[in-house]
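Each residue of the sequence shown is one higher than the one before, counting from 222 in this note's numbering. Cβ atoms here follow ideal geometry from the backbone N, Cα and C, with glycine treated the same way. Some notes on the structure that comes next.
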Amino acid sequence: MNYRMVLYTTGKIIGAEAVCLLVSALVSLLYWEISGVWLLVSALIGGLLWLASRFFKPEDEIFFAKEGLVTVSLSWLVLSLVGALPFYLSKEIPGFINCFFETASGLSTTGASVVENVELLSRGILFWRSLTHWIGGMGVLVLVMAVAPSAPGRSMHMLRAEMPGPVIGKLVPKASTTARLLYVIYIGLTFVLVLLLLCGGMPVFDSVVHAFGTAGTGGFGVKADSLASYSPYLQWVITAFMVIFGINFNLFYFILIRKFSAALKSTELWVYVGIILTAVVAIFCNTFFMYSSWEEGVRHASFQVAAIISTTGYSTTDMNVWPTFSKAVLLLLMFMGGCAGSTAGGLKVSRFMLLCKEARTRIWHVLHPRTVKTVKFEGKAVENETLYGVSSYFSLYVFCLMTLFLILCLEPFDIETNFSAAVSIFNNVGPAYGAASLNYGAYSWFSKLCMAFAMLLGRLEIYPMLILFMPAAWSKK
């Protein structure tokens, strides 16, 4: 283990967070809020930690996969701790565990909150809260790779460890250039969304905050009713972009270089779209009697499906009053999530497809033991190592999810509340049913701590966070 390299790189990540805190402080000071002082103090603390890390500049820049996984998980843990400081120092969110939960929720793009009335928070704190979604959506380490030079091996090890999905590849030969391309696409789409929201009459501050929440598929907003009080036009715009940010960013790159056929040939894309359309039709048919017009019914069904499958978590209506069938559909979508290589959480559509294809192949092999049938994905044969990795991940995914569920069942809530909360938290969705439909403030400090860890575990797709706590990962060999 190259300790100095890990600490040096982690310090660089904290430096990037300090810059983001400084931007939030400027927003707060623009509105003449006292919270700007605490954001500045937090940025200063982050800056000092960055300066301290400079003393660990390594002579040996050897960086293997082990260092990459440890750096990613350690960075996200420290980022959540430092990012919680403005919430805690300003006392706008009481208790450090609550502040840590809120920050982990923001950076992991979960959107679960312990705040009872978000409208009481200052503008600077609201901005920082939503900015954590934006920097966490594409990844803080990807941002650092995009703006700072890195050793080739180090870049790819961190890119693979942080980006969601069963397979991560480079768009171009250099991983740092791939990171820049991803952020160019990310920033461009965010900017377009801000303009469309402004055209719909949404205030500038609200537009930026909701663009951050939508792009990062997080869901933090500025109103207690989420997006219910905004116009139908704004709700449709957010719906469309929630779906867009759940798509693999590699396809946007193909569109950018005018390889439209390559983008449209993506099987994962069409399965993703097909799941959305099927879910919208099913929920609309089940809830149409609850709304005054078909447009309203379709809008609410489309919005909630897009919000859940993209793991954004915004809402325009109370899902708790929907029929059991519609709630069940949304619960299943929480497991599914978006496409690999997107800012969405969940199991991922590609991983779900591979699991189904492998199961079908195994059944075929039982019926025809002498035939050889390979699993294909996107027109290419999938290696057995990849299939084994997907199966292993799914087993670990179920184990971690059930462990979180059992921990939450120690709380005095019904099983629907605890199960939906566990699924929502681990898949980085945000909203749940029952007592957790509004916020998670009623849970104990221990459950909140476990949920905060589970959010980071789900965002980094389990392995990096588990490896961080394995003694073998820290050995010098």
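Residue j and residue i - do their beta-carbons sit closer together than 7 Å?
{"i": "N649", "j": "G566", "result": "yes"}
{"i": "V175", "j": "L575", "result": "There is no way to answer for residue 175, as the model of the chain reaches only from 222 to 698."}
{"i": "F433", "j": "L352", "result": "yes"}
{"i": "S482", "j": "V501", "result": "no"}
{"i": "L260", "j": "G327", "result": "no"}
{"i": "R497", "j": "V526", "result": "One detail in the question is off: residue 497 reads as Ile in this sequence, not Arg. The answer is yes: Cβ separation under 7 Å."}
{"i": "T435", "j": "F462", "result": "yes"}
{"i": "V596", "j": "V603", "result": "yes"}
{"i": "V244", "j": "N660", "result": "no"}
{"i": "G332", "j": "W271", "result": "no"}
{"i": "T638", "j": "G655", "result": "yes"}
{"i": "G311", "j": "S256", "result": "The question names Gly, yet the displayed sequence has Ser at residue 311. Result yes, Cβ atoms of S311 and S256 sit closer than 7 Å."}
{"i": "V550", "j": "V492", "result": "no"}
{"i": "K594", "j": "T582", "result": "yes"}
{"i": "R680", "j": "S249", "result": "no"}
{"i": "F546", "j": "N507", "result": "yes"}
{"i": "E238", "j": "G267", "result": "yes"}
{"i": "M222", "j": "W585", "result": "no"}
{"i": "V339", "j": "A246", "result": "no"}
{"i": "E632", "j": "S668", "result": "yes"}
{"i": "F505", "j": "V519", "result": "yes"}
{"i": "R225", "j": "F277", "result": "yes"}
Tell me which residue opens and which closes the alpha helix (DSSP H) that residue i is part of.
{"i": "H586", "result": "570-588"}
{"i": "W355", "result": "344-359"}
{"i": "S334", "result": "Per DSSP, S334 belongs to no alpha helix (DSSP H) and is neither H nor E."}
{"i": "A549", "result": "545-557"}
{"i": "L631", "result": "Element bounds for L631: n/a, residue is neither H nor E."}
{"i": "I234", "result": "224-251"}
{"i": "P685", "result": "684-689"}
{"i": "L265", "result": "256-274"}
{"i": "S536", "result": "Counting along the chain, S536 falls outside any alpha helix (DSSP H), and DSSP gives it neither H nor E."}
{"i": "L485", "result": "481-485"}
What residues are listed by DSSP as bridge partners for residue i?
{"i": "K601", "result": "F598"}
Answer yes or no: the CB of residue i versus the heavy atoms of the ligand HEM, is any distance below 6 Å?
{"i": "K548", "result": "Among the ligands in the structure shown, none appear at all, so the ligand HEM cannot be discussed."}
Is there contact here, the region 420-434 with the region 313-324, by at least three beta-carbon pairs under 8 Å?
no
Say whether the region 453-469 touches the region 477-491, bearing in mind that this needs 3 or more beta-carbon pairs closer than 8 Å, one atom from each stretch.
yes
Do the region 636-643 and the region 290-307 touch if we need at least three Cβ pairs shorter than 8 Å?
no
Taking the runs of the alpha helix (DSSP H) that are 4 residues or longer, which of them lie wholly in the region 416-478?
425-436, 453-465, 470-477
Taking the runs of the alpha helix (DSSP H) that are 4 residues or longer, which of them lie wholly in the region 640-667?
none
Ignoring anything shorter than 4 residues, give me the alpha helix (DSSP H) runs that lie fully in the region 298-331, in order along the chain.
306-311, 317-328
Would you be able to state if there are at least three C-beta pairs under 8 Å between the region 672-689 and the region 609-626?
yes
Where in the region 506-531 do unbroken runs of the alpha helix (DSSP H), each at least 4 residues long, occur, reported from the N-terminal end onward?
515-530
May I ask you to verify whether the region 526-539 touches the region 447-455, counting CB pairs closer than 8 Å and requiring at least 3?
yes
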